[in-house]
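Read through the structure below, which is laid out as structure tokens, and then see the notes.
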Amino acid sequence: MPINSNPTIRQRRLARLLRELRTAAGLTHADACQVLESASSKLGRIENAQSNIRLPDLRALLDAYGVTDPAERREIELLSRESKKKGWWSRYAQTVDSAYAAYVAVEWDATKLYNVQTSLIPGLLQIPEYTRAVIELQIPDATDEQMETLLDVRSERRGILSREDPLQLWVIIAESALHHRVGGATTMKSQLESLVEASHEPHIQLQVLPREDPMNACLFGPFVIMGFPTSAETDIIYTESPTSTVYYEEAADVETYTTLFRRLNVAAANASQSRKLIKDAIREME
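When you read off a place in the sequence shown, starting at 1, and then add 18, the result is the number in this note's numbering.
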């Protein structure tokens, strides 16, 4: 079986899930190797996302790990198949940053996404004019071709909110982000009006953290919590800076960010109050 020296986030998710299922079943590495009737190196490559797993081997491991629910088994088998496939984002592999492409892939797989934004409108809720203005500010030397590519990717990303099984999106936005005139007053006003409309969608929960709330002191930067359809799979945390992107997958790290999101959720204004704060910001643009 060929070794994968550059596993995708999907492949890493499957590898981590299989390790967690084995541990939860109380089986050792050696026990699982006996199930596969193989050398330990084969299971090691699978659990470290260095090689794919054949369907018969996957089913044998799920039997050994006590995964009997048909729906859960289908989800895990689907993850295994999808981990080998390329999605729509692969068309942009040569033209966008590899870290961004990896994020788009894992975002598309998510069924739930919790996003905290400290200075910008969340990407999935941005209108094209706002996105263009952000790109011009963050990548001042972007060519026209790069600009159009990034706008196309953002547009396709938004499809996750209108697909047959739309992403369940919960965003918390620092109030100050509503007052940054990105792209000028006209663009910002249109963006905020779009935000109000989005807040009425049944699969979108939107909250604003008021500027005066002391929980603003806990906003060290934007972060995303992504949840997936496989019930046995743990969430993934995504954070970024101007020079790097980081994924947190360990249970303790996930719990730290999840706890922070819960605290922000309690501190932030409710849906109707948040819409009022957005409308107040709109009036400032007029």
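We treat Cβ as the ideally placed atom computed from N, Cα and C, and that holds for glycine.
Could you tell me which residues DSSP pairs with residue i in its beta bridges?
i, result
"A235", "None; A235 has no bridge partner."
"M244", "L131 and I254"
"I178", "Answer is none; I178 lacks a bridge partner."
"A120", "Bridge partners of A120: none, in fact."
"T263", "E258"
Determine, using beta carbons only, whether residue i comes closer than 8 Å to chain C.
i, result
"Y118", "The question asks about chain C, but that chain is absent: this structure has only one protein chain."
Using a Cβ-Cβ cut-off of 7 Å (strictly less than) and excluding sequence neighbours within five positions of residue i, which residues of its own chain qualify?
i, result
"V272", "T252, D253, I255 and Y266"
"R37", "E65"
"I300", "K207, L210 and E211"
"R176", "L142"
"I21", "In this prediction, I21 scores a pLDDT of 40, lower than 50, which makes its location untrustworthy; the coordinate-derived value is nonetheless stated afterwards. Contacts found: R63, Q68 and S69."
Who are the near neighbours of residue i in its chain, counting only those whose CB is closer than 6 Å to its CB and skipping five residues on each side?
i, result
"K130", "Q186 and G245"
"T113", "T167"
"V189", "N133, P140 and L224"
"L61", "A50 and C51"
Do residue i and residue j have their C-beta atoms closer together than 8 Å?
i, j, result
"R181", "Q144", "no"
"A82", "A50", "yes"
"A192", "L142", "no"
"H197", "E304", "no"
"A286", "L227", "yes"
"S69", "R63", "yes"
"L32", "A250", "no"
"G84", "A48", "no"
"A119", "R28", "no"
For residue i, does the count of other Cβ atoms within 10 angstroms reach 16, so buried, or fall short, so exposed?
i, result
"I296", "buried"
"P178", "A quick correction: the sequence has Ile, not Pro, at residue 178. Per the 10 Å Cβ criterion, buried."
"S262", "exposed"
"W107", "buried"
"S116", "exposed"
"P240", "buried"
"G201", "buried"
"I157", "exposed"
"L73", "exposed"
"S23", "Any reading at S23 must be qualified, since the residue scores a pLDDT of 40, below 50, and its modelled position is unreliable; the value itself is stated next. Classification for S23: exposed."
"E93", "buried"
"D75", "buried"
"L96", "exposed"
"T149", "buried"
"L282", "buried"
"E215", "exposed"
"L155", "exposed"
Note down, in chain order, each residue of its chain lying with its Cβ closer than 8 Å to the Cβ of residue i, except the 5 sequence neighbours on either side.
i, result
"A289", "S217, Q223, L224 and Q225"
"A78", "V53 and L54"
"A195", "Q135, T136, S137, L138 and I139"
"A160", "I153, E154 and L168"
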